[in-house]
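Q: Quick note, the sequences are listed as chains A and B, same order. Numbered according to our numbering, the first sequence spans residues 1 to 506. Numbered according to our numbering, the second sequence spans residues 1001 to 1506. A virtual CB, placed ideally from N, CA and C, is assigned to each residue, including glycine. Note that the structure is predicted; figures quoted are calculated from it, not measured. My questions all concern the structure below.
Protein chains: 2
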Amino acid sequence: MSAAPAPQVQTLFDVFRQIKDLEVASAVLQWDQETMMPDGGAAGRGRVLATLTGLKHDLLTSSRFSDAIDGCVELAAGDPTVAAQVREAQRRRDHACKVPSELAQQLAQAESHGLVAWQRARKADDFGLFRNELGKLIDLVKQKASALAAGGDPYDSLLDLFDPGCKSAELTPLFAGLRAELAPLVQAVADCGHSVDESVARGDFPAEQQQAFGEMVAKQMGFDFNCGRLDLAAHPFCTSFYPQDVRLTWRYALDDFRPALFGIMHEAGHGLYEQGLPAHMQGTPAGDAVGMGVHESQSRMWENLVGRSKAFWEWALPKFKQHFPGSNSLTVEQLYPCLHTVKPSFIRVEADEATYNLHVAARYEIEKLIFSGKVEVDDLPELWNQTYFELLGIRPQSHADGILQDIHWSMGAFGYFPSYTLGNLINSQLFEAAKRDLPEMESQFSRGEFQPLLDWLRGKVHAHGSQYLSNELVIRATGEPMSSSAFLRHIQEVTNEVYGIDAHRV
Amino acid sequence: MSAAPAPQVQTLFDVFRQIKDLEVASAVLQWDQETMMPDGGAAGRGRVLATLTGLKHDLLTSSRFSDAIDGCVELAAGDPTVAAQVREAQRRRDHACKVPSELAQQLAQAESHGLVAWQRARKADDFGLFRNELGKLIDLVKQKASALAAGGDPYDSLLDLFDPGCKSAELTPLFAGLRAELAPLVQAVADCGHSVDESVARGDFPAEQQQAFGEMVAKQMGFDFNCGRLDLAAHPFCTSFYPQDVRLTWRYALDDFRPALFGIMHEAGHGLYEQGLPAHMQGTPAGDAVGMGVHESQSRMWENLVGRSKAFWEWALPKFKQHFPGSNSLTVEQLYPCLHTVKPSFIRVEADEATYNLHVAARYEIEKLIFSGKVEVDDLPELWNQTYFELLGIRPQSHADGILQDIHWSMGAFGYFPSYTLGNLINSQLFEAAKRDLPEMESQFSRGEFQPLLDWLRGKVHAHGSQYLSNELVIRATGEPMSSSAFLRHIQEVTNEVYGIDAHRV
C-alpha cells in the first residue's frame, strides 16, 4: 500500500475522501458541542449535524461509491490490502443502504438533542429532563437496529457497529464467566476484613496542577500535543479528526487526584492509537482503528496496567510531589493499594479493575432488555438500580450516580458498552505478550521510558489500521485467540498482593 | 414572512437549508482552526474545508436549487419579502455558477494553508514564510475575480462579494475625499505642538482581569453569553453559526488596556448584529446580515462612538477601577484624550479614528494594483511600506508591523478592506440618527443603559436581515443616502476637543 495504489483503488479512495471529510466535519462539530458550545447553540447544531449525516448518507449510498467498490473487487481477490479496503468500504455502504436517509437524519438530530438534554439532566440529577429524548432515541435506534439486522438479531446488529463480528451469543457466556469469577472475588475482599487506607490519595489538588501533571504524563507516554489537545468535558472522551489532530478531554475532582490522572491516561491511550494509525492509509476505508474493543484495550492498558503499576510510580511519584507539595511524604507502597482497591461503587469510569466488568455486565443486560422490548423508558431508572443491586450488591441513591452517569445512550450509542469488557480482556492479553517481547519493560517504566511499549503497540496494533479484524489482530499480536485468562490472572495477582487473597481458593 | 411561507418559498428554504448548514459547518471548522486547532491539524483541516466548499458548490449549482428559485420568481414580483429571498438566492447561485467547482475547492484549501502560513510568518516576523501561499492565493483569487466579473472589472467583482453593489468607481473618489480632509487634519495635529499624555492608559493589566472587564462590558452592551462565547485568537474576529451561537475572539497587551477592551467591544458589536438577526428568517437566503459595510458600522459604533465617549466612561470607570486597582486615581477627563489621540501608527486595528481610513486607503490602493497586475508578490512588502509612508508619513520597520498584520489576505479575502471605511461612515450616520430619535441616549450611557440604543439598532438594522441592500437600509434608518459628512463632523468635533484644532480652518 505504500506504493501508489492501482487506478481503480485510487478512484475508490477519491470517492471515499468526501465521505471521510464529512465524518471529520461532524466530529469537529461534536467535539465543539461537548467542550465549547454555548447552551443556546444546541438546536442549530443538531440540525447542522443532521444535514452532514444526510449528505454522508447520500454519498455512501450513491452509485458512484458502489461503482468504485465494484471496480476493486477483482483486484481484492489477489491482494489482502485491497481486500481490507473493499471489506471496510462495503461494510459502510451496506450499513448506509440498510438505514433510510430520513432515519439517519432523525437520529443525528435526536442524538444532538439527547446530548444536551442528558447534560442538563445529569447536572440537575433529574431523569425526567432526559426521559423524552431517551425514549425518542430508543425508538429510533430500534428502527435502525431492525433495518440493519434485516431479519437477524437487532441488538447484534448494534454490537457489530462498534466491534465488527461481535455477537450476544458469544458475549452472554463471556459475561457469565466473568461474573462467576469476579463476584466471589469481590465478596472475598469484602469478607477478608482488610480495607485499604485511601486517605493518602485524597487531599487538596488544584485543577491547574492536575492538568499540568496529567499533560506531563501524557507527553511522557508519547502523546504529541502538536497534533492534539486536552480540554474539559462533562464526560471525558477522545476524538480524532485525523492522526495529526487528536482531542482528549478530562474532568477532575478537587479532593482526589485519581479520576483526573487515570482519565487523562485513559484518553491519551486512545489518542496514541489514533496518532499511530498508518499515514499511508489515512483517509481510506481501512485507515481507521479496527474496533472499539481494541481501542479500549489501548486506553485501559495505559490507565490500568501502566498507570497503576509500581514501576510507573517509581518514576512518577517524584514528579507528582513537585506538582502537589502536600504529598511530600507519600510512598509507592502507600499509594499502590489505593490504585487497586476492590470495592463495589456506582460510577463505571471510576470503578476498580475487579468490579469494572460487572458495571458493563449490568449495562449489557439492560440493553438486551431494551432491544427485546421487555422494558419501557419510564422503568429504566429502577431497572438500573435493581441490576446494580444484583450484580454489585449496592443500589444507587441518585440518577446521577445511576442511569444518568454515562454519555453513550444520549448519543444513540447502544451496543457500545460491551466493547469496554472486550477491551479489558484484550488489554491484559496484549500486555502479557508485550512483557514477553520486552523483558525490561517494567524497569523501563521505572525510569519513565514508555517508548519501547509504545513502539511495540505501534507495530502490533496501531500500524495496521483496520487491515485485520479484532480477532485476527489479537492472534497476530499474541499468538492466541482472545480470552479472559490473562485478565483474570492479572486481577488475581493484584488482589492477592493488596488483600492477601489467594484467588484460587475463592 | 412571519406567517407560514407559500409552498414554493418553503421549497426554496428547504433546499437552501443544506447550503446554509454546510456554511455553518465550515464556519465552526474555521473558528476552531483559529482558536483551538493544534499546529499539526492544518493540512487535514484544509482538505476538509475544501470538501465542504465543494459540496456547497455542487448544491448551489444544482438544478434543484435553480428550480426552487425559479419556482418563486412569479410570487416575488408582488411580494418584496419573497423578492429579497429570491435576490439573495440568485446572487449566491450566480456567484457559484461563475466559479468552477475545482477552483472553489482549490481556493478553500489555499485559504486554509494560507491562514496557517500567515500565522507562522507573523509570529516569526518573516514575510518569506507566507510568500508562496500569498502568491498562490493571489493567483487563485484573480482567476475567481475574472470568472465573477465575466468581462467587467475583476476587482469590482470582489468588492461586490462583501458589499453587494459596491464599485471602485465610487470608492476611488470617496477615498480621495476622505484623504483630502483627513491628511491635513492629521498634519495639523502633528503641528499643533500638543501631545496627549497616554501614560494614564498604560500600566499593568493582567489578562484574566482584562477578560473579566471586557466580558462585563459586552454583557452590559447586551451580548448574550448563553448564545455566544469569547476566546483568544491571533487576529480577533467574530463569527456566527446562527444567532444562538455567536463567537467573539480577542487578544490583549499586558501594559495597555485599550487593544483588548476596544477589540472586545468591536467584536461584540458584530456579535450583537448577529444575535439580533430576525429569527423568522433564520437559515433563509435573506436571513443573513446585509453586507460587511453595515456589519462594520455596528462594530465600530460600539467600539468608537459608545466605548470612547465620556458618557460611557462615567459608567465604566468605577467598574474599571474595581478590576484594576492600580488605576484608582484615574479620571474621565484624563482618560478621554487617550481614547482620541490622533497619531499615525502602523497597525490598522489599533489606529485612531482619524487615521483609520488612511490605513484602509493604503490597502485599497495596493489591492487595486494587485488586481490590475501591476505588482508582483515579492514587491508587496516594499509597496506596503512605501504606501504607508505616502499616506501616513511613517514607514513600518518590520513585516509584522507592515504587510503581515492583517489576516484577510491569508483567507483569500481581497476586496474586504473598503467595507471598514464604509462601516465608519455608516456608523456615524446611524449614530447621529439614533441621537435624534433618542435624545436621552448619552445620559443613559452614563448610567450603563445601552438597551435603548440596542433596541434602536435592532429595529432599524438588525431585524431586517438582508431584506434591504445597504444603501436602502441606510436611507430607511437615517433619511439620507450614505455620505461621509456625519463621520467628518464627528472627527472634527473630537479633534477640536482634544487638540483645540478648529477643523474648518485646517
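1) Of all the residues that make up the region 50-62 of chain A, which are near chain B by a beta-carbon distance shorter than 7 Å?
2) If we cut at 8 Å on Cβ distances, does L159 (chain A) have a partner in chain B?
3) Mind pulling the alpha helix (DSSP H) runs of 4 or more residues that sit fully within the region 1071-1159 of chain B?
4) Using a 10 Å radius around the Cβ and a threshold of 16 neighbouring Cβ atoms, would you call Q18 (chain A) buried or exposed?
5) Can you give, in chain order, each stretch of the alpha helix (DSSP H) that sits fully within the region 1186-1243 of chain B and has at least 4 residues?
6) Taking 8 Å as the threshold (beta carbon to beta carbon), is K375 (chain A) in contact with chain B?
7) By Cβ distance, which residues of its chain are closer than 8 Å to A279 (chain A), with the 5 residues on each side in sequence left out?
8) Output the distance between the C-alpha atoms of Y336 (chain A) and G40 (chain A), rounded to the nearest integer angstrom.
9) Grab me the residues of A1311 (chain B)'s own chain with a C-beta within less than 6 Å of its C-beta, minus the 5 sequence neighbours each way, in chain order.
10) Mapping the DSSP letters down to three states, classify V1332 (chain B) as helix, strand or coil.
11) Check whether the Cβ atoms of F1223 (chain B) and A1268 (chain B) sit closer than 8 Å, and answer yes or no.
12) Within its chain, find whatever has a CB closer than 6 Å to the CB of D125 (chain A); leave out the 5 residues flanking it on each side and keep chain order.
13) Report, in whole angstroms, the separation of the C-beta atoms of L148 (chain A) and V86 (chain A), which I expect to be a contact under 8 Å.
14) Q1018 (chain B) touches chain A at which residues, Cβ-Cβ below 9 Å?
15) Counting only beta-carbon separations shorter than 8 Å, does A43 (chain A) have a partner in chain B?
16) Would a C-beta distance cut-off of 8 Å place P164 (chain A) and G291 (chain A) closer than the cut-off?
17) Please identify, using Cβ separations under 9 Å, the residues of the region 22-40 of chain A that lie next to chain B, in order along the chain.
18) Which of the three DSSP states is assigned to A477 (chain A) in this structure?
19) Taking the straight line between their C-alpha atoms, what separation do you get for Q1106 (chain B) and F237 (chain A)?
20) Can the beta-carbon of P1418 (chain B) be found closer than 8 Å to that of I1403 (chain B)?
21) Could you tell me whether the region 1070-1088 of chain B touches the region 1138-1145 of chain B, using the rule of 3 or more Cβ pairs below 8 Å?
22) Closest by CA to D1378 (chain B), which one among B:R1131, B:V1474, B:F1262 and B:A1110?
23) Can you say whether H57 (chain A) is buried or exposed, counting buried as having 16 or more other CB atoms within 10 angstroms of its CB?
24) Quick one: measure Cβ to Cβ for Y1252 (chain B) and Q1210 (chain B), integer angstroms, because I've assumed they're closer than 8 Å.
25) Alpha carbon to alpha carbon, how far is R1120 (chain B) from F1127 (chain B)? Give it in angstroms, no decimals.
26) Just the C-alpha distance for S1299 (chain B) and S1101 (chain B), rounded to the nearest angstrom, thanks.
27) Quick check on the DSSP output: the alpha helix (DSSP H) that includes L369 (chain A) runs from which residue to which?
28) For M1265 (chain B), I'd like the list of residues in its chain whose CB is within less than 6 Å of its CB, leaving aside the five on either flank, ordered along the chain.
29) Span of the alpha helix (DSSP H) holding R308 (chain A)?
30) Do F1175 (chain B) and A1361 (chain B) come within 8 Å of each other at the CB atom, strictly closer than that value?
31) How is the alpha helix (DSSP H) around L1052 (chain B) delimited, first residue to last?
32) Along the region 209-235 of chain A, what residues have a CB closer than 9 Å to any CB found in chain B?
33) Nearest chain A C-beta to D1288 (chain B) closer than 8 Å, yes or no?
34) List, from N- to C-terminal side, the alpha helix (DSSP H) runs of 4 residues or more that fit wholly inside the region 1411-1473 of chain B.
35) Which residues in chain A sit within 7 Å of F1241 (chain B), going by Cβ to Cβ distance?
36) Excluding five sequence neighbours on each side, which residues of the same chain lie with their C-beta closer than 6 Å to the C-beta of P344 (chain A)?
A: This is what the structure gives:
1) Hits within the stretch, in order: T51, L52 and L55.
2) Residue contact check for L159 (chain A) against chain B: no CB pair falls below 8 Å.
3) Counting whole runs of 4 or more residues, the region 1071-1159 of chain B contains the alpha helix (DSSP H) stretches 1080-1098, 1101-1124 and 1128-1149.
4) Counting every other CB atom within 10 Å of its CB across the protein chains shown gives Q18 (chain A) a total of 16 or more, marking it as buried.
5) Runs found: 1207-1221.
6) As written in the sequence, residue 375 (chain A) is Val, which differs from the Lys given in the question. Not flagged as an interface residue toward chain B: V375 (chain A), since no C-beta distance is shorter than 8 Å.
7) The answer, listed in chain order, is P243.
8) Our two residues, Y336 (chain A) and G40 (chain A), have alpha carbons roughly 45 Å apart in a direct line.
9) Excluding sequence positions up to five before and after A1311 (chain B), its CB lies within less than 6 Å of the CB of E1442, F1445 and S1446, all in the same chain and listed in chain order.
10) Shown here, V1332 (chain B) sits in a helix according to DSSP, grouped into three states.
11) Using a Cβ distance threshold of 8 Å, F1223 (chain B) and A1268 (chain B) count as a contacting pair.
12) S398, H399 and A400.
13) For a cut-off of 8 Å, the C-beta gap from L148 (chain A) to V86 (chain A) is around 20 Å, too long to register as a contact.
14) When 9 Å is used as the limit between beta carbons, Q1018 (chain B) is near these residues of chain A: T51, G54 and L55, in chain order.
15) For A43 (chain A), the answer is yes, since a Cβ of chain B falls inside 8 Å of its Cβ.
16) It is a contact, given that the beta carbons lie within the stated cut-off.
17) Listed in sequence order: L22, V24, A25, S26, V28, L29, W31, D32, T35, M36, M37, P38, D39 and G40.
18) A477 (chain A) falls in the helix class under three-state DSSP.
19) Computed Cα separation, rounded: 34 Å.
20) It is not a contact, given that the beta carbons lie outside the stated cut-off.
21) Three or more beta-carbon pairs separated by less than 8 Å are not found between the region 1070-1088 of chain B and the region 1138-1145 of chain B, which leaves the two stretches without contact.
22) For D1378 (chain B), the nearest C-alpha among the options comes from B:R1131.
23) It is buried - the Cβ of H57 (chain A) has at least 16 other Cβ atoms within 10 Å.
24) That pair is a contact at about 5 Å.
25) Cα to Cα, the separation comes out at about 10 Å.
26) One alpha carbon belongs to S1299 (chain B), the other to S1101 (chain B), and they sit about 34 Å apart.
27) L369 (chain A): member of the alpha helix (DSSP H) spanning E353 to F371, first to last residue.
28) Closer than 6 Å at Cβ, skipping near neighbours: W1302, E1303 and G1307.
29) Annotation for R308 (chain A): no alpha helix (DSSP H) segment contains it, and DSSP assigns it neither H nor E.
30) It is a contact, given that the beta carbons lie within the stated cut-off.
31) For L1052 (chain B), the uninterrupted alpha helix (DSSP H) run begins and ends at A1042 to L1060, by DSSP.
32) Across the region 209-235 of chain A, CB contacts with chain B closer than 9 Å involve D224, F225, N226, C227, G228, R229 and D231, in sequence order along the chain.
33) With 8 Å as the cut-off, D1288 (chain B) does not count as an interface residue toward chain A.
34) 1418-1437, 1441-1446 and 1451-1460, all fully within the region 1411-1473 of chain B.
35) Listed by position along chain A, the residues whose Cβ is nearer than 7 Å to that of F1241 (chain B) are G41 and G44.
36) Cβ within range, chain order: T355, L392, G393 and I394.
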